[in-house]
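All remarks here apply to the structure that follows.
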Amino acid sequence: MPSTIIACQDCDLLHRPRQLRDGQRAMCSRCGAVLYRRKRNSLDYTVVFSLSALIFFLMANVFPFMTFKYEGRVQESVLFSGVKELFVQDLWAVAILVLIVSVVFPLLKITGMLYVLLPLKVNRRPWKASNIFRMVEALHPWAMVDVYMLGVIVAMVKLSDFATIVPGAALYSFAALLIFMAAAGATLDPHDVWERLEVVERV
Amino acid sequence: MKNMRAFQVSLVNCTTCFQVSRIEPMLKNRNAFCPRCGAELCRRKPNSLARTWALVIAASILYIPANVYPIMTVISFGKGEPDTILSGVQSLMASGMWPLAVLVFFASIAVPLIKLFGLTLLLISVQYQWQWRPRQRTILYRITEAVGRWSMIDIFMISILVALVRLEAIATIEPGVGATSFAAVVVLTMFAAMSFDPRLIWDALEKRHA
Ligand SMILES: [Zn+2]
Ligand SMILES: [Zn+2]
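Respectively, the protein sequence lines represent chains A and B. Just so we're aligned: 51 in the working numbering is position 48 of the first sequence, and the numbers increase by one with no gaps anywhere. Just so we're aligned: 1456 in the working numbering is position 195 of the second sequence, and the numbers increase by one with no gaps anywhere.
Have a look at this one:
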């Protein structure tokens, strides 16, 4: 539960926090924004889901992503091929954007989260913890694993008319990565993390 | 404390860690930092209106090339067929893939327009200190902020297609310049939504009453 007083992010109205039961959430009485939630064993779940996400992230970047079959010709691609091909075709700005939001930021988000949360599990505060956790929170809209997955589905359906697409191990890993990242995001309680960071600092 | 807002009692809400701190009025022009997380404390997002306007205008200008130029060209047996954002949706509809056509229409056409018009409406409403439906306008802001990233579907689709379809003489897919403009529109509107401060909607209510 947040400490003494909180202000709504969206309309600045002050609220006195109440003790919530697990799964409950407090909403702003004026604009309806969610003020804070209470989640059960939030830290444990987020750590486990982030670790799983990290494993699937590595698998998604190593194994073949998709295989394209057309009249006896076979073309295999990995997750990184799209970025490489955009570079080759001179769309370097788009290539960099795709690389950042589909690979770099998801990795930064997962590792940053683990860097802060794993030591917190044993009541330790890692070096530069608040800066790193601030970065993790800021990356939220820019780590686009979920959007990328929809792009994959649209691309597959578009090609299904005239060619055979065989999903590779990396594509299944990517789907798992998406699920575990979403689960980690859903179980994360940022209020709880900030309060823990404050407490362990004092020790 | 009933119905008091943070800024009325010299309090400031940290947008990063949600800690409410006291801000000394005399320190108004100096930078203050959150005691808990170290983020810079601002009563409101800095130059929110000017920044958001600049980003919205830039995105609106780029919206034109993003829709006029092809985002990719499918070349099969030497013949090229350019695809724009709109023709991509049309071809999905023509081949009867309705759920997907609706999805792509929503992500690539509806979302950018909702964001550009929504943010423009919010900016005008704050500038002219409208008293009209602040709660609904705050909800409009939250929608604008949440849906923006989904417009990237088309960009990702292109990156996947150009990597997969590379059969020199038979079929290749080349990305087009429209893709760069469209990606820029998505990124600029995301930044625009982030730089808008929804608390300004509520500030206008008090200004009128005062
Ligand atoms: Zn509120
Ligand atoms: Zn803070």
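Glycine residues also receive a C-beta, built at the ideal position from the N, C-alpha and C atoms.
- Are the stretch 1434-1447 of chain B and the stretch 88-96 of chain A in contact at 8 Å, needing three or more beta carbon pairs? yes
- Query: Cβ of A1509/B within 8 Å of Cβ of S1442/B?
  - Reply: This structure does not reach residue 1509/B, given that chain B is present from 1262 up to 1471, and the question cannot be answered.
- Counting Cβ pairs, one atom from each stretch, are 3 or more of them under 8 Å apart for the stretch 49-60 of chain A and the stretch 108-126 of chain A? yes
- T1399/B: beta carbon under 7 Å from a heavy atom of ligand 2? Position 138 of the second sequence, counting from 1, holds the residue named residue 1399/B. No, since every heavy atom of ligand 2 falls outside the 7 Å radius drawn around the Cβ of T1399/B.
- Item | Touch test, the stretch 11-29 of chain A against the stretch 1263-1274 of chain B, Cβ-Cβ under 8 Å, three pairs minimum | yes
- Message: Does the beta-carbon of A1430/B, which I'm using as the reference point, lie nearer than 7 Å to any heavy atom of ligand 2?
- Response: For the purposes of this step, residue 1430/B is taken as residue 169 along the second sequence, with counting starting at 1. Checking every heavy atom of ligand 2 against the Cβ of A1430/B, none is found closer than 7 Å.
- Query: In chain order, which continuous runs of the alpha helix (DSSP H) of length 4 or greater are located wholly inside the stretch 1303-1353 of chain B?
  - Reply: 1309-1329
- Quick one: is L61/A buried, meaning 16 or more other Cβ sit within 10 Å of its Cβ, or exposed? Mapped onto the first sequence, residue 61/A falls at position 58. L61/A comes out exposed.
- Message: Suppose contacts are defined by Cβ-Cβ distances below 8 Å. Is I1414/B in contact with G154/A by that definition?
- Response: As a working note, residue 1414/B is residue 153 in the second sequence. As a working note, residue 154/A is residue 151 in the first sequence. Yes, Cβ-Cβ distance for I1414/B and G154/A is below 8 Å.
- So does T1277/B have its beta carbon nearer than 7 Å to some heavy atom of ligand 2? On the second sequence, residue 1277/B is found 16 positions in, with the first residue counted as 1. Yes; taking the cut-off as 7 Å, the Cβ of T1277/B has a heavy atom of ligand 2 nearer than that.
- Query: Closer than 6 Å from C-beta to any heavy atom of ligand 1: which residues, in chain order?
  - Reply: C11/A, D13/A, C14/A, L16/A, C31/A, R33/A, C34/A, A36/A
- Just the Cα atoms here: how many angstroms apart are A178/A and L162/A? For the purposes of this step, residue 178/A is taken as the residue at position 175 of the first sequence. For the purposes of this step, residue 162/A is taken as the residue at position 159 of the first sequence. When rounded, the distance between both Cα atoms is 20 Å.
- Query: When the Cα of I8/A is compared with those of L89/A, C31/A, Q27/A, which residue comes out closest?
  - Reply: Here residue 8/A refers to the residue found at position 5 of the first sequence. The shortest C-alpha separation from I8/A is found at C31/A.
- Item | With 16 other Cβ atoms within 10 Å as the buried cut-off, status of K1340/B | On the second sequence, residue 1340/B is found 79 positions in, with the first residue counted as 1. It is exposed - the Cβ of K1340/B has fewer than 16 other Cβ atoms within 10 Å.
- beta-carbon A1300/B near ligand 4 non-hydrogen atom, thresh 7 Å: Looking at this structure, you won't find ligand 4 anywhere; what it does contain is ligand 1 and ligand 2.
- the stretch 1420-1431 of chain B contacting the stretch 1314-1325 of chain B, beta-carbon criterion three pairs below 8 Å: no
- Message: Cutting at 8 Å between CB atoms, please list the residues of its own chain near I1284/B, excluding the five before and the five after it.
- Response: Taking the second sequence and counting its residues from 1, the one referred to as residue 1284/B is at position 23. Closer than 8 Å at Cβ, skipping near neighbours: S1271, L1272, V1273, A1293, L1302, R1304.
- Which whole-angstrom value is the C-beta distance of F59/A and S176/A, which I expect to be below 8 Å? One-based indexing of the first sequence puts residue 59/A at position 56. One-based indexing of the first sequence puts residue 176/A at position 173. The pair is a contact, with the Cβ atoms about 5 Å apart (cut-off 8 Å).
- Item | Any non-hydrogen atom of ligand 2 within 7 Å of Q1392/B CB | Reading the second sequence from its first residue, position 131 is the one you call residue 1392/B. No, since every heavy atom of ligand 2 falls outside the 7 Å radius drawn around the Cβ of Q1392/B.
- Task: Check the Cβ of P109/A against every Cβ in chain B and list those closer than 8 Å, keeping chain order.
- Result: By 1-based counting over the first sequence, the position of residue 109/A is 106. Within 8 Å Cβ-Cβ: nothing; P109/A doesn't reach chain B, min ~13 Å.
- Message: If you reduce the DSSP assignment to three classes, tell me which class L121/A lands in.
- Response: Taking the first sequence and counting its residues from 1, one reaches residue 121/A at position 118. Helix, per DSSP.
- Task: State the start and end residues of the unbroken alpha helix (DSSP H) segment that holds I1421/B.
- Result: The sequence position of residue 1421/B within the second sequence is 160, counting from 1. From DSSP, the alpha helix (DSSP H) with I1421/B extends over 1414-1425.
- Task: Could you tell me whether the Cβ of S84/A comes closer than 8 Å to any Cβ of chain B?
- Result: Along the first sequence, read from residue 1 onward, the residue named residue 84/A stands at position 81. Closer than 8 Å: yes.
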